[in-house]
Structures are given as C-alpha cells and as structure tokens.
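Trainee: So the sequence shown is residues 0 to 221, counted in numbering that gives the first Met the number 0.
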Amino acid sequence: MTDNPYATPTSPPVLPTDDIARQLQGIQYPLTLSFKILALASQATVTDASGRTVLYTKQKMFKFREHVEIFTDNSRTTRLADIHANKVIDWSARYASTDASGNPIGSVGRKGWRSIWRAHYETFNPGDNTPDFSIREENPGAKIVDSIFGEIPLIGFLTGYFCHPRYLASRSNGTPAMRLTKQPAFWEGRFQIDKLGDMTAREELNLFLSFLMLVLLERRRG
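1. Check whether the Cβ atoms of G105 and F123 sit closer than 8 Å, and answer yes or no.
2. Let me confirm a value: P164 is counted as buried when at least 16 other C-beta atoms fall within 10 Å, else exposed. Which label applies?
3. For S33 and E187, which I take to be in contact (beta-carbon distance under 8 Å), what is that distance rounded to the nearest angstrom?
4. Under 8 Å, do R93 and F132 count as touching if we go by C-beta distance?
5. Excluding five sequence neighbours on each side, which residues of the same chain lie with their C-beta closer than 7 Å to the C-beta of E203?
6. If you count every other CB in all the chains shown that lies within 10 Å of the CB of S96, and 16 or more means buried, which is it?
7. Measure the alpha-carbon distance for T76 versus A48 and round it to whole angstroms.
8. Taking just the CA atoms, how far does R189 sit from Q182?
9. Tell me which residue opens and which closes the beta strand (DSSP E) that A95 is part of.
10. Would you please state the rounded distance, in angstroms, between the beta carbons of A20 and A200? I believe it to be under 8 Å.
11. Verify whether the separation of the beta carbon atoms of T46 and N73 is less than 8 Å.
12. On a Cα-Cα basis, can you pick out the residue from P103, R135, L208 that is closest to V53?
13. Could you check what DSSP says for Q24 in three-state terms: helix, strand or coil?
14. For F185, does the count of other Cβ atoms within 10 angstroms reach 16, so buried, or fall short, so exposed?
15. Using only the alpha-carbon positions, how far apart do R172 and I82 sit?
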C-alpha cells in the first residue's frame, strides 16, 4: 500500500529548547526526594520512578540558608540551577532560583508568622509580585508529632513510619499542581512528589526547588 500523497505531513517532535527542558524531558512520576540527615555535608537527591536522577545538591548545612547549588546528578559536573536568599535571617526571606546561565526560574518564600503552626509558602514565577503557587501543609498535626519524637532514638525511627506530613502546591485559582508527602525511611528523610496538573518545565523545576527549600527550612525549624 502506497502512502497518500495528499496526507498532511507528520510534524517532527518538538525538541526541548533549554537545559531545564532537556533535563526534565521524559521524567516519570512519582518522584522521590531523599535527604541525608546524618551527613555533615547534607545532600539531597530527586529521582524519578525509573531511578533516573533529576537533580542533586550537596553542601555544608550552614550554607543552605545562603546559597544552594543544584546539579543534574551526583557527579556535580553540570550545574542546573542556583538558589540564593535575599535575607540570611528572616521569617519571610525569599529564595530566588536561576538557571546555569543566570536566567530567573522563580522564587519561594515562607509566609512569615502565619507559617509558624501550619507551613505556608508562596512560589513566584519570574517577574511576578503575586504568588503563582501556594504551598500549604495539609496535616500539621503529623509534623508536630514527627518533630517532637523524631529526634528520640528508636522512637524517632517509629515516628517516621507513622507520621507523614503532606504539602499541597496549588495555583492561585486553587487548582492542585503538585504534592509532597513524607515517606517512611531509616537514616534519611524521604519524600514523594506527585504531579497533579499540567505545567511548564520551568514551573516544575520551580516547584521542585520550592519543595527542597521547604524541607530544609521546616527541618531546621523543627
């Protein structure tokens, strides 16, 4: 059977246009964010459902509040993004992220005193002064129990299997976009990331980095 000469030509697939799009192309959800809590130089890794590394960071703990370098994998040869704080010590400090070329990806900030009992963060796309995403803790009671008993030997191991704080990222119109859920794990913090709605590659990375900073800041806060 010959091809129809009048058929509409098949369009070639759209190729990623920048490093972020290429890095996130074809990732499979759910993702896993693992955070090593025993290392002096703390490290965090995001992998997809197939085991592929999406992003990686490793730095001394006191540096996390000032500057975080994000790489494509644990070889740390290719930088994907950087995160800088606009204030070193402040309840409402905003953390701005840029790609390897210095172009803005977005920013995230904790909602000040309103975030003391129930975590509430706001994520901004580049150039926006109003939040594009709101990240709220869905079950604050689980975090309280986890923070109280999590540092106690043996008991702390058990709380990790029963207390699973959840954080939901929603668009400004209330549409769910992504969820972060703590998972049971020994010797490390482990979280699952589920994608709940459509978004661009840069919005995805912006939320990944927002969740990363949320985990680091909430752990420091206890």
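Cβ coordinates follow ideal geometry from the N, Cα and C atoms, glycine included.
Given the structure is predicted, the values throughout are model-derived calculations rather than measurements.
Mentor: Let me lay it out:
1. yes
2. buried
3. 6 Å
4. no
5. L23
6. buried
7. 23 Å
8. 5 Å
9. 93 to 98
10. 4 Å
11. no
12. L208
13. coil
14. exposed
15. Contrary to the premise, residue 172 reads as Asn rather than Arg in this sequence. Distance between the alpha carbons of N172 and I82 is about 27 Å.
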